[in-house]
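Counting in our numbering, the sequence shown runs from 12 upward without gaps.
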Amino acid sequence: MHRFEQDIQSASEFYNIRPEWIKAVIEIESKGDPSPKPRWVKHLEEHSYGLGQFLPSTVLWILRTPSKFPLPGRVRQLLKEARLGYLESGERAFNKVLHVPEVNIYLIAAYLRYQLDRYNGDITKAVAAYNAGSVRYR
């Protein structure tokens with residue numbers, strides 16, 4: 012059993028995607044460590060954080076487009092609070108909340124669902140777009 016099984020199962024059901032896909036992203040992006048050392052993404056000049064290695068700019072985009080990225084109330088509230096801190100003090104404000112497994116797992120599932128819809132259910136393209144970023148993968 013995966014150590015984040017309950018959150019993975021809940022997010023999987025919420026977004027109607029296979030839990031194995033969420034687990035695969037977690038393994039690829041962070042090796043299952045909820046607090047990996049942030050990675051510097053040079054071309055964007057940002058760090059990526061958490062199980063899904065999210066950039067603060069990606070999280071801000073997700074928060075600005077709730078019609079594309081519905082999130083459970085608790086997750087959305089935690090991210091909104093982090094957004095306020097981000098606007099005041101920069102990306103460090105996202106560091107803490109993006110290391111909360113539940114938050115990151117729902118972000119992974121939401122972003123995968125978005126990519127699956129964008130690429131008509133093609134998981135290979137969806138994962139490639141997840142990894143490269145929506146703008147870089149076409």
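All residues carry an ideal CB built from backbone N, CA and C; glycine is no exception.
Does the separation of the CB atoms of residue i and residue j fall below 7 Å?
i	j	result
tyrosine 141	alanine 22	no
alanine 93	phenylalanine 80	no
histidine 110	proline 45	yes
isoleucine 119	isoleucine 33	yes
valine 114	valine 70	no
arginine 129	tyrosine 26	no
leucine 74	serine 41	no
Classify residue i: buried if its beta carbon has 16 or more other beta carbons within 10 angstroms, exposed otherwise.
i	result
glycine 84	exposed
arginine 14	exposed
glutamine 88	exposed
isoleucine 28	buried
asparagine 131	exposed
alanine 121	buried
aspartate 133	exposed
By Cβ distance, which residues of its chain are closer than 8 Å to residue i, with the 5 residues on each side in sequence left out?
i	result
alanine 35	Val138
In chain order, what residues of the same chain have a beta carbon less than 7 Å from the beta carbon of residue i, not counting five sequence neighbours either side?
i	result
proline 77	none
glutamate 57	Leu66, Pro67, Ser68, Glu102
Suppose the cutoff is 6 Å on Cβ atoms and the five residues either side in sequence are ignored; what does the same chain contact list for residue i look like?
i	result
leucine 127	Ala137
glycine 43	Ile37
glycine 144	none
threonine 135	none
Quick one: is the Cβ of residue i within less than 6 Å of any heavy atom of the ligand HEM?
i	result
glycine 63	Ligands are entirely absent from the displayed structure, and the ligand HEM is therefore not among its contents.
Work out the CA separation of residue j and residue i for me, nearest whole Å.
i	j	result
aspartate 18	valine 108	15 Å
proline 112	glutamate 24	17 Å
tryptophan 72	lysine 91	12 Å
glutamine 20	leucine 82	15 Å
Complete alpha helix (DSSP H) runs within the segment 90-137 (minimum length 4 residues, chain order): 103-108, 112-129
Unbroken stretches of the beta strand (DSSP E), 3 residues or longer, contained in the segment 14-95: 50-52, 57-59
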